[in-house]
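Please read the structure below before turning to the comments.
2 protein chains.
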Amino acid sequence: MFATVDVALFRINPDVGTGQLELLLWRRKADSDTFPNCFALPGGYVFENTDEQLQDTVSRLIINKVGVEPAHIEQVCTVGNAKRDPRGWSMTVLHLALVPFSRSALVSDEQCWVPARHYANSTAQEQNKGDKNQQNNDHALPFDHNQLVTLAVERLSSKALYTSQPLYLAEPTCSLPELQRIYEELLQNKLHKKAFRDRLLATNLLVDTGKRIQGRGSPTVLYHIQQTGITTFERVMQGHKKD
Amino acid sequence: MFATVDVALFRINPDVGTGQLELLLWRRKADSDTFPNCFALPGGYVFENTDEQLQDTVSRLIINKVGVEPAHIEQVCTVGNAKRDPRGWSMTVLHLALVPFSRSALVSDEQCWVPARHYANSTAQEQNKGDKNQQNNDHALPFDHNQLVTLAVERLSSKALYTSQPLYLAEPTCSLPELQRIYEELLQNKLHKKAFRDRLLATNLLVDTGKRIQGRGSPTVLYHIQQTGITTFERVMQGHKKD
Chain A
1 MFATVDVALF RINPDVGTGQ LELLLWRRKA DSDTFPNCFA LPGGYVFENT
51 DEQLQDTVSR LIINKVGVEP AHIEQVCTVG NAKRDPRGWS MTVLHLALVP
101 FSRSALVSDE QCWVPARHYA NSTAQEQNKG DKNQQNNDHA LPFDHNQLVT
151 LAVERLSSKA LYTSQPLYLA EPTCSLPELQ RIYEELLQNK LHKKAFRDRL
201 LATNLLVDTG KRIQGRGSPT VLYHIQQTGI TTFERVMQGH KKD
Chain B
1 MFATVDVALF RINPDVGTGQ LELLLWRRKA DSDTFPNCFA LPGGYVFENT
51 DEQLQDTVSR LIINKVGVEP AHIEQVCTVG NAKRDPRGWS MTVLHLALVP
101 FSRSALVSDE QCWVPARHYA NSTAQEQNKG DKNQQNNDHA LPFDHNQLVT
151 LAVERLSSKA LYTSQPLYLA EPTCSLPELQ RIYEELLQNK LHKKAFRDRL
201 LATNLLVDTG KRIQGRGSPT VLYHIQQTGI TTFERVMQGH KKD
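Heads up: the sequence lines are chains A and B, in that order. So for the first sequence, full-length UniProt numbering puts the first residue at 1; every next one is plus one. So for the second sequence, full-length UniProt numbering puts the first residue at 1; every next one is plus one.
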């Protein structure tokens, strides 16, 4: 039995489309006995002798393989079975982590940011079926990491529906239209502008900075985000109702 | 390193107050090398040789130590550290399970149902402080099980706020007032009758059986619950607003 921790770190890249969900991958060492040189989720063993708690393993991974300080980290779930790792029965505690784009610079040549959804959902299932002819084959990750990415993306989408969790992906100072684009990317759905504002402002996590950006229409308010935990909305986010 | 699974199985006992949240405990074997004869959460080792998946460990525990078939099981979180078990570094994957009262009969003399909240919250913290003079001392569980119960009860309360999860604690055929008492016990809060009905009926999980119970006022509708998964409410449950 061995235990590992894997981290799915996400950012929203505002320079791709209206903001694309991206995932950090890390290249496995050339001398690794499993999947050498392959890109995978940053992960590693729990060291019984030096990690007093599971959290110590997570902190070590963040420092050594992620390199940026996430704004938020949470457990998603634990996956354990005899087949996920060729070395034997293993359990991994999957964590998701979120970072604002401005703080997400790569710290190593052995890392890259990739479009998260290309590695999730049907891609992972296709890989498991061994369908080598799919054009999605480029998105196969070692072990069960496609499945882990899927689970993490599902958790993100689910929490975007009813909580303020996505604010951890935003810049410390931002506008409501910028936040709406983050939610729309996570939910893969257009949102009604006024309904979105009502939910976000009711959390009391946004503080008016007094600054305004002048665009084509009326000035856009800049808010400072108070990172004081995750708030549950009184009403969930819904897709945009067509006229 | 060793890995275990622990199960916090809950029911609502309608015969205590307006319905009390209860937890199943199981007596550890007399020849156990840790905490012999103590009552604890049903739990056990992951057997690498016979459990192909983590889920197989859970199923084995349910059969051997719980004895009833839960209506719902889900992972809560994983707790791992060097100190929680005197035998060494260990990780446990905590699960919560829910069963309707009518299906919750004990299957062994070595089991008991206890009031869940007596074993959660401040009790666990007091135990950790080693305060031996507290009258709550009777509620100390082995290992970190008080903390695990706290985490499971918190998850239950949190999900009651915005999902249909508590329906798994209800009888297959029941009335809205019965369901409201379950939610009020989980949320520890009175709910507004009409608001409660609106949220539950909007899930489309309740099917009118055509049967009615005649009480003091107008007849009460009996519904059949369709156990087809957990639905997120469009509006969260809130406490009762005072006049």
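Backbone N, C-alpha and C fix where the C-beta goes; we use that ideal spot for every residue, glycine too.
- Taking a contact as a CB-CB distance under 8 Å, the pair Leu-161 (chain A) and Val-79 (chain A) does not count as one, their CB atoms being some 23 Å apart.
- The Cβ of Val-93 (chain B) sits closer than 8 Å to at least one Cβ of chain A.
- Below the 9 Å Cβ cutoff, chain A contributes Tyr-162, Thr-232, Phe-233, Glu-234, Arg-235 and Val-236 as neighbours of Val-236 (chain B), in chain order.
- Around the beta-carbon of Pro-86 (chain B), fewer than 16 other beta-carbon atoms lie within 10 Å, marking it exposed.
- Listed along the chain, the chain B residues whose CB falls inside 8 Å of the CB of Ala-3 (chain A) are Met-1, Ala-3, Gly-80 and Met-91.
- In this structure, Ser-59 (chain A) lies away from Phe-2 (chain A), with their beta-carbon atoms at least 8 Å apart.
- Along the length of the region 39 to 66 of chain B, whole beta strand (DSSP E) runs at least 3 residues long occupy 43 to 45, reported in chain order.
- Under the DSSP assignment, Thr-4 (chain A) falls in the beta strand (DSSP E) whose first and last residues are 2 to 13.
- If you draw a 10 Å sphere on the C-beta of Glu-69 (chain A), you find fewer than 16 other C-beta atoms in it, and that means exposed.
- Selection A:Val-221, A:Glu-74, A:Thr-4 and A:His-139 evaluated against Gly-88 (chain A) yields A:Thr-4 as nearest (Cα-Cα).
- In the DSSP assignment, His-145 (chain A) falls within the unbroken alpha helix (DSSP H) covering 145 to 162.
- Taking the C-beta atoms as reference points, Pro-14 (chain B) is found no nearer than 8 Å to Phe-143 (chain B).
- The CB of Glu-48 (chain A) comes closer than 8 Å to the CB of Met-1, Ala-82, Gly-88 and Trp-89 in chain B, given here in chain order.
- Boundaries of the alpha helix (DSSP H) around Arg-197 (chain B): 193 to 202.
- Of all residues in the region 57 to 79 of chain B, the ones placed with a Cβ closer than 8 Å to any Cβ belonging to chain A are Gln-75, Cys-77, Thr-78 and Val-79, in chain order.
- Listed along chain B, the residues sitting closer than 8 Å to Glu-52 (chain A) by beta-carbon distance are Asn-81, Ala-82 and Lys-83.
- Annotated three-state conformation of Leu-206 (chain A) is strand, per DSSP.
- Spanning the alpha carbons of Gln-226 (chain B) and Val-207 (chain B) requires a straight line of approximately 7 Å.
- Pro-166 (chain A) sits in a helix when the DSSP states are folded into three classes.
- Residue pairing of His-95 (chain A) in beta bridges, as defined by DSSP: A:Val-7 and A:Gln-75.
- For Ser-90 (chain B), the three-state secondary structure derived from DSSP is strand.
- Of the other Cβ atoms in all chains shown, 16 or more fall within 10 Å of the Cβ of Ser-164 (chain A); this residue is therefore buried.
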